[in-house]
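Peer 1:
There are 2 protein chains.
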Amino acid sequence: MNSGVTYPRGFKAAGISCGIKKNTKKDLALIHSDSRAIAAGLFTTNKIKSASILINLKHLRKPDAQAILIVSGNANTCTGKRGIRDSHTIVQSVADSLSLKKEEILLASTGRIGIFLPITKIKRAIPNLVTHLSEDSNSAAEAILTTDKRIKETSLATKIFGRSKREVRIGGMAKGAGMIGPNLATMLAFFTTDAVIEPAALREALTLAVRSSFNLITIDNEESTNDSAIILANGEARNRKIKKGSENFSKFSSALNKISLLLAKLIVADGEGAEKVIEVKVKGAWCQKDAVRIAKTVAGSNLVKAAIAGSFPNWGRIMAALGRARARVNLNLLDLSINGILVFSKGEKQNYQEEKLRESLNKKEIKIEINLYLGESRSTAFGCDLTEEYVRINKE
Amino acid sequence: MNSGVTYPRGFKAAGISCGIKKNTKKDLALIHSDSRAIAAGLFTTNKIKSASILINLKHLRKPDAQAILIVSGNANTCTGKRGIRDSHTIVQSVADSLSLKKEEILLASTGRIGIFLPITKIKRAIPNLVTHLSEDSNSAAEAILTTDKRIKETSLATKIFGRSKREVRIGGMAKGAGMIGPNLATMLAFFTTDAVIEPAALREALTLAVRSSFNLITIDNEESTNDSAIILANGEARNRKIKKGSENFSKFSSALNKISLLLAKLIVADGEGAEKVIEVKVKGAWCQKDAVRIAKTVAGSNLVKAAIAGSFPNWGRIMAALGRARARVNLNLLDLSINGILVFSKGEKQNYQEEKLRESLNKKEIKIEINLYLGESRSTAFGCDLTEEYVRINKE
Chain A
0 MNSGVTYPRG FKAAGISCGI KKNTKKDLAL IHSDSRAIAA GLFTTNKIKS
50 ASILINLKHL RKPDAQAILI VSGNANTCTG KRGIRDSHTI VQSVADSLSL
100 KKEEILLAST GRIGIFLPIT KIKRAIPNLV THLSEDSNSA AEAILTTDKR
150 IKETSLATKI FGRSKREVRI GGMAKGAGMI GPNLATMLAF FTTDAVIEPA
200 ALREALTLAV RSSFNLITID NEESTNDSAI ILANGEARNR KIKKGSENFS
250 KFSSALNKIS LLLAKLIVAD GEGAEKVIEV KVKGAWCQKD AVRIAKTVAG
300 SNLVKAAIAG SFPNWGRIMA ALGRARARVN LNLLDLSING ILVFSKGEKQ
350 NYQEEKLRES LNKKEIKIEI NLYLGESRST AFGCDLTEEY VRINKE
Chain B
0 MNSGVTYPRG FKAAGISCGI KKNTKKDLAL IHSDSRAIAA GLFTTNKIKS
50 ASILINLKHL RKPDAQAILI VSGNANTCTG KRGIRDSHTI VQSVADSLSL
100 KKEEILLAST GRIGIFLPIT KIKRAIPNLV THLSEDSNSA AEAILTTDKR
150 IKETSLATKI FGRSKREVRI GGMAKGAGMI GPNLATMLAF FTTDAVIEPA
200 ALREALTLAV RSSFNLITID NEESTNDSAI ILANGEARNR KIKKGSENFS
250 KFSSALNKIS LLLAKLIVAD GEGAEKVIEV KVKGAWCQKD AVRIAKTVAG
300 SNLVKAAIAG SFPNWGRIMA ALGRARARVN LNLLDLSING ILVFSKGEKQ
350 NYQEEKLRES LNKKEIKIEI NLYLGESRST AFGCDLTEEY VRINKE
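Protein sequence lines correspond, in order, to chains A and B. Just so it is clear: in the first sequence, position 113 is 112 by numbering that gives the first Met the number 0, and no numbers are missing. Just so it is clear: in the second sequence, position 272 is 271 by numbering that gives the first Met the number 0, and no numbers are missing.
#1: What number of angstroms, rounded off, separates the C-alpha of residue 77(B) from the C-alpha of residue 341(A)?
#2: Per DSSP, which residues does residue 172(A) bridge with? Please list them.
#3: Do residue 294(B) and residue 378(B) have their C-beta atoms closer together than 8 angstroms?
#4: Within the continuous alpha helix (DSSP H) that includes residue 359(A), where are the two ends?
#5: How about residue 166(B) and residue 236(B): are their beta carbons less than 8 angstroms apart?
#6: Taking 8 angstroms as the threshold (C-beta atoms), are residue 7(B) and residue 202(B) in contact?
#7: Hey, residue 13(B) and residue 131(B): beta-carbon distance below 8 angstroms or not?
#8: Does residue 264(B) come out as helix, strand or coil in the three-state DSSP assignment?
#9: For residue 31(B), which residues from the same chain have a beta carbon less than 6 angstroms from its beta carbon, with the 5 sequence-adjacent residues on both sides left out?
#10: In chain B, which residues lie less than 8 angstroms from residue 318(A) when you measure between Cβ atoms?
#11: Would you check if the distance between the CB atom of residue 149(B) and the CB atom of residue 26(B) is smaller than 8 angstroms?
#12: Which residues in chain B sit within 9 angstroms of residue 314(A), going by Cβ to Cβ distance?
#13: Could you have a look at residue 334(A) and say whether DSSP puts it in helix, strand or coil?
#14: Can you name the start and end residues of the beta strand (DSSP E) that residue 377(B) belongs to?
#15: So, residue 83(A) versus residue 94(A), is the Cβ gap smaller than 8 angstroms?
#16: Do you know offhand how far residue 320(A)'s Cα is from residue 394(A)'s?
#17: Any Cβ of chain A within less than 8 angstroms of the Cβ of residue 102(B)?
#18: Indicate whether at least one CB of chain B lies closer than 8 angstroms to the CB of residue 386(A).
#19: Roughly how many angstroms separate the alpha carbons of residue 216(B) and residue 352(B), rounded to a whole number?
#20: Leaving out the 5 sequence neighbours to the left and right, which residues in its chain are closer than 7 angstroms to residue 324(A) when beta-carbon positions are compared?
#21: Excluding sequence positions up to five away, which residues of its chain have a Cβ less than 7 angstroms from the Cβ of residue 336(B)?
#22: Quick check on the DSSP output: what are the complete beta strand (DSSP E) runs of length 3 or more inside the stretch 222-250 of chain A, in order along the chain?
#23: Flag residue 308(A) as yes if its beta-carbon sits less than 8 angstroms from any beta-carbon of chain B, otherwise no.
#24: Quick one: using the 10 Å Cβ neighbour count with 16 as the cut-off for buried, is residue 199(B) buried or exposed?
#25: Evaluate residue 271(B) with the Cβ neighbour count: other Cβ atoms within 10 Å of its Cβ, from every protein chain shown; 16 or more gives buried, anything less gives exposed.
#26: So what does DSSP say about residue 343(A), is it helix, strand or coil?
#27: Just the C-alpha distance for residue 197(B) and residue 380(A), rounded to the nearest angstrom, thanks.
#28: Any C-beta of chain B within less than 9 angstroms: which residues of the stretch 344-369 of chain A qualify?
#29: Mind checking the stretch 292-305 of chain A against chain B and listing, in chain order, the residues whose C-beta falls within less than 8 angstroms of any C-beta there?
#30: For residue 256(A), which residues of its own chain have a beta-carbon under 8 angstroms away from its beta-carbon, when the five flanking residues on both sides are left out?
#31: Using 8 angstroms as the threshold, is the C-beta distance between residue 173(B) and residue 188(B) below it?
#32: In the DSSP assignment, what are the bridge partners of residue 348(A)?
#33: Determine the chain B residues that contact residue 322(A) at a beta-carbon separation under 7 angstroms, and present them in chain order.
#34: Does the beta-carbon distance from residue 332(A) to residue 373(A) come in below 8 angstroms?
#35: Can you confirm whether residue 394(B), when its beta carbon is compared against all beta carbons of chain A, has any partner nearer than 8 angstroms?
#36: Go to residue 111(A), then tell me how far its alpha helix (DSSP H) extends in each direction, as first and last residue.
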């Protein structure tokens with residue numbers, strides 16, 4: 000039941016339909032902490048930002064926040080002054096219903112750009128949304144979806160040391176299926192935790208988690224105007240306060256990384272039209288930047304993705320992609336393996352069995368491994384194949 | 000008949016089938032100047048380069064060159080030491096047949112990566128190829144194609160001043176339909192001219208032409224391992240020698256620019272699966288780099304391309320693409336028009352007729368105009384729509 004954002008103590012969630020989407024599909028979600036909480040958020044680096052994000056940036060000047068409202072089916076981006084005004088209106092409406100200050104509400108939205116919010120519908124639905132708050136996270140995880148086919152939520156507990164061991168819980172949910180690109184992976188991700196943690200440590204842990212997960216996935220190299228990752232921490236675990244640089248911070252951070260990576264992989268697996276997940280593992284890179292560039296360029300290449308969709312053992316496309324990643328590469332040193340089959344090594348094509356390679360490409364998980372033999376840096380990126388279905392979805 | 004590379008005086012061309020491609024499709028082309036000529040070449044910046052390119056880089060240390068052999072259907076890339084050896088063998092074979100030095104032959108290839116050249120077939124075909132040399136450029140222009148649907152060739156004459164006015168001719172042909180990306184546009188382009196021109200001026204003119212044409216087109220953001228643009232100049236027009244910085248240089252350079260741009264547009268129009276050409280005109284950019292980044296990011300965005308394929312008036316995707324181009328953008332200043340219809344201006348969505356916009360997207364040429372109002376720089380990029388057909392072609 001409470002497998003996502005309601006797993007940590009003191010959190011409730013709700014998801015209902017207010018009429019933004021057709022066929023009474025859920026389109027409004029709320030996450031709420033019973034007690035005072037702090038928040039951290041990371042947002043798109045796209046120069047065009049949703050009104051929701053502009054408001055969050057203002058509200059997050061102070062870390063106190065107790066609820067997140069998520070609107071699905073409308074991005075509220077490129078909607079000018081009216082878009083900002085509309086956001087303030089619905090945030091005020093949530094604040095009234097929950098008896099909170101406006102600044103304690105954060106906002107996220109996803110959907111089509113350039114359409115005004117149906118503000119009357121949303122305002123009318125908010126009291127109803129609040130009465131639906133419960134320990135069941137499922138409706139909220141469903142309501143945030145757009146072209147996604149599957150709900151994405153998970154949770155984890157970790158022990159934090161102090162006078163006594165305390166179990167700290169983290170929960171998360173995400174959405175994202177298209178417009179998934181190089182930074183923050185064009186998606187929405189929400190985390191809750193009952194940990195007692197410094198605001199700066201919370202922000203740092205979120206940054207690390209996003210960098211090693213959502214920033215390494217790609218569906219179509221697009222970065223959206225609405226990318227958001229937000230975490231609320233309400234302290235109900237009553238653990239010794241987690242501070243930056245401490246052993247407890249490492250434990251908390253590593254648990255949050257795990258949750259983020261799992262959600263990121265769920266996003267890729269649910270990529271628009273995707274049938275296969277591609278894992279690109281780069282090692283031996285000259286520096287971290289090079290490793291990331293190569294991993295993401297290969298995972299994001301249309302030609303590589305189309306070849307994998309067709310189980311076409313054309314590894315030359317991987318070579319072409321890694322060569323254009325603006326990273327240090329020496330053709331005469333590197334090794335390339337696909338699903339454990341070494342196809343190219345030290346400047347020479349290897350004698351592998353073409354038929355065996357072709358067969359292995361029918362798997363649902365494709366593993367590409369590149370060893371550059373130039374240094375110690377490594378990175379793993381995740382992508383998906385490119386099918387006719389992706390084009391079909393995005394033509395409409 | 001001689002509308003392409005054989006239009007300048009003293010050039011002949013040939014195209015035949017040697018059995019690389021199936022169904023006796025032409026796959027071997029040759030361009031030859033009757034008299035001594037000089038050459039310039041520009042090649043891919045991909046770190047993984049075809050053996051053909053490695054050999055050209057060596058041969059172009061001296062500008063003398065009199066023939067270009069083009070192999071179509073095999074990239075001869077990632078073929079290690081044997082690939083280099085094979086290239087030398089076929090170049091030697093052309094040199095023997097034409098009684099030239101090996102260093103006077105340039106080489107280009109395109110096709111699948113990681114496959115060894117069928118060296119016996121090619122060697123056996125070369126004497127036959129040489130006997131086919133004629134003033135008809137058509138067979139050569141056909142032989143260099145791969146997934147292209149149409150031949151791409153053109154020519155132009157321009158007057159060069161001296162003691163007397165001389166007509167200088169330029170001809171060109173190109174191929175490219177997939178793997179068309181940010182730099183040198185993953186394609187092969189060959190130019191011939193009968194101008195008398197300094198080697199340095201020839202190189203400069205080629206660089207300028209490529210920068211303002213092939214480097215501004217995109218089909219799928221892929222940069223290939225085999226991109227090449229090569230020009231031969233044999234001086235048969237007997238004009239006063241064209242030198243860098245002169246008025247005559249400007250005339251020659253502008254004629255070469257025209258030819259390149261035309262070929263570049265033919266490539267985009269023939270993009271794999273493409274049904275529409277997208278022109279993205281950016282003006283008012285802070286600097287040239289910003290203008291180019293925005294134009295190319297919008298023209299290369301999968302989501303923009305898919306929307307245009309479906310005549311879906313979702314201009315928000317254009318906003319999202321221009322926002323992620325890592326260029327200076329002020330949402331409250333910029334104007335966005337599609338096919339002359341202003342859809343967004345100064346931070347606000349405009350009151351355009353949705354139905355009229357949707358209809359205009361049925362055209363075969365889509366014009367996107369972005370005015371940033373931040374400076375004086377401008378750039379125009381060309382792309383094509385993304386259809387299911389692109390995926391189908393590249394799955395196989």
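Note that CB positions come from ideal geometry on N, CA and C, so glycine has one too. If you're wondering where the values come from, they're calculated on a predicted model, not measured in any experiment.
Peer 2: In brief:
#1: Position 78 of the second sequence, counted from the start, is the residue given in the question as residue 77(B). Position 342 of the first sequence, counted from the start, is the residue given in the question as residue 341(A). So the two alpha carbons sit approximately 14 angstroms from each other.
#2: Your numbering for residue 172(A) matches position 173 in the first sequence. Bridge partners of residue 172(A): 152(A) and 189(A).
#3: To locate residue 294(B), count along the second sequence from 1; it is residue 295. To locate residue 378(B), count along the second sequence from 1; it is residue 379. It is a contact, given that the beta carbons lie within the stated cut-off.
#4: Within the first sequence, the letter at position 360 stands for residue 359(A). Per DSSP, residue 359(A) belongs to the alpha helix (DSSP H) from 353-359.
#5: Reading the second sequence from its first residue, position 167 is the one you call residue 166(B). Reading the second sequence from its first residue, position 237 is the one you call residue 236(B). Yes, the Cβ-Cβ distance between residue 166(B) and residue 236(B) is below 8 angstroms.
#6: Residue mapping note: residue 202(B) aligns to position 203 of the second sequence, counting from 1. Residue mapping note: residue 7(B) aligns to position 8 of the second sequence, counting from 1. With respect to residue 7(B), residue 202(B) sits apart: the two C-beta atoms are not nearer than 8 angstroms.
#7: Looking up residue 13(B) in the second sequence gives position 14. Looking up residue 131(B) in the second sequence gives position 132. Going by C-beta atoms, residue 13(B) is nearer than 8 angstroms to residue 131(B).
#8: Residue mapping note: residue 264(B) aligns to position 265 of the second sequence, counting from 1. Looking at residue 264(B) - three-state DSSP - the assignment turns out to be helix.
#9: The residue given as residue 31(B) occupies position 32 in the second sequence. Cβ neighbours of residue 31(B) within its own chain (closer than 6 angstroms, five residues either side excluded): 11, 66 and 132.
#10: Taking the first residue of the first sequence as 1, we reach residue 318(A) at position 319. One finds 47, 76, 77, 112, 113 and 224 in chain B with Cβ atoms closer than 8 angstroms to the Cβ of residue 318(A), taken in chain order.
#11: Position 150 of the second sequence holds residue 149(B). Position 27 of the second sequence holds residue 26(B). Contact: no.
#12: Residue mapping note: residue 314(A) aligns to position 315 of the first sequence, counting from 1. Within 9 angstroms Cβ-Cβ: 77, 112 and 113.
#13: Position 335 of the first sequence, counted from the start, is the residue given in the question as residue 334(A). Residue 334(A) falls in the strand class under three-state DSSP.
#14: In the second sequence, residue 377(B) corresponds to position 378, counting from 1. Its beta strand (DSSP E) spans residues 376-383.
#15: In the first sequence, counting from the first residue as 1, residue 83(A) sits at position 84. In the first sequence, counting from the first residue as 1, residue 94(A) sits at position 95. Contact: no.
#16: Locating residue 320(A) in the first sequence gives position 321, counting from the first residue. Locating residue 394(A) in the first sequence gives position 395, counting from the first residue. Using only the alpha carbons, I get a separation of about 26 angstroms.
#17: As a position in the second sequence, residue 102(B) is number 103, starting the count at 1. False, the Cβ-Cβ gap to chain A never drops below 8 angstroms.
#18: Counted from its first residue, the first sequence places residue 386(A) at position 387. With 8 angstroms as the cut-off, residue 386(A) counts as an interface residue toward chain B.
#19: Mapped onto the second sequence, residue 216(B) falls at position 217. Mapped onto the second sequence, residue 352(B) falls at position 353. When rounded, the distance between both Cα atoms is 30 angstroms.
#20: As a first step, residue 324(A) must be located in the first sequence, where it is residue number 325. Excluding sequence positions up to five before and after residue 324(A), its CB lies within less than 7 angstroms of the CB of 292, 293 and 296, all in the same chain and listed in chain order.
#21: Translated into the one-based positions of the second sequence, residue 336(B) becomes position 337. Excluding positions up to five away in sequence, the list reads 342 and 368.
#22: As far as the stretch 222-250 of chain A is concerned, its whole beta strand (DSSP E) runs of at least 3 residues are 227-232.
#23: Within the first sequence, residue 308(A) is the residue found at index 309, counting from 1. With 8 angstroms as the cut-off, residue 308(A) counts as an interface residue toward chain B.
#24: Taking the second sequence and counting its residues from 1, the one referred to as residue 199(B) is at position 200. With fewer than 16 Cβ atoms within 10 Å of its Cβ, residue 199(B) is classed as exposed.
#25: Here residue 271(B) refers to the residue found at position 272 when the second sequence is read from its first residue. Around the beta carbon of residue 271(B), 16 or more other beta carbons sit within 10 angstroms, so the residue counts as buried.
#26: Counting from one through the first sequence, the residue named residue 343(A) turns up at place 344. Secondary structure of residue 343(A) (DSSP, three-state): strand.
#27: Taking the first residue of the second sequence as 1, we reach residue 197(B) at position 198. Taking the first residue of the first sequence as 1, we reach residue 380(A) at position 381. In this structure, the CA atom of residue 197(B) is about 48 angstroms from the CA atom of residue 380(A).
#28: Listed by position along the chain: 345, 346, 347 and 348.
#29: Contact annotation: in the stretch 292-305 of chain A, residues whose CB is within less than 8 angstroms of a CB in chain B are 300, 301, 302 and 305.
#30: Sequence index remark: in the first sequence, residue 256(A) carries index 257 (1-based). The residues are 207, 208, 211 and 212.
#31: The residue you call residue 173(B) lines up with position 174 of the second sequence. The residue you call residue 188(B) lines up with position 189 of the second sequence. By the CB criterion at 8 angstroms, residue 173(B) and residue 188(B) fall inside the cutoff.
#32: As a position in the first sequence, residue 348(A) is number 349, starting the count at 1. Bridge partners of residue 348(A): 343(A).
#33: Taking the first residue of the first sequence as 1, we reach residue 322(A) at position 323. Counting only Cβ-Cβ distances below 7 angstroms, residue 322(A) has contacts in chain B at 45, 46, 47 and 224, in chain order.
#34: Indexing the first sequence from 1 puts residue 332(A) at position 333. Indexing the first sequence from 1 puts residue 373(A) at position 374. Closer than 8 angstroms, so yes.
#35: Locating residue 394(B) in the second sequence gives position 395, counting from the first residue. Closer than 8 angstroms: yes.
#36: As a working note, residue 111(A) is residue 112 in the first sequence. Unbroken run through residue 111(A) is the beta strand (DSSP E), 104-111; no alpha helix (DSSP H).
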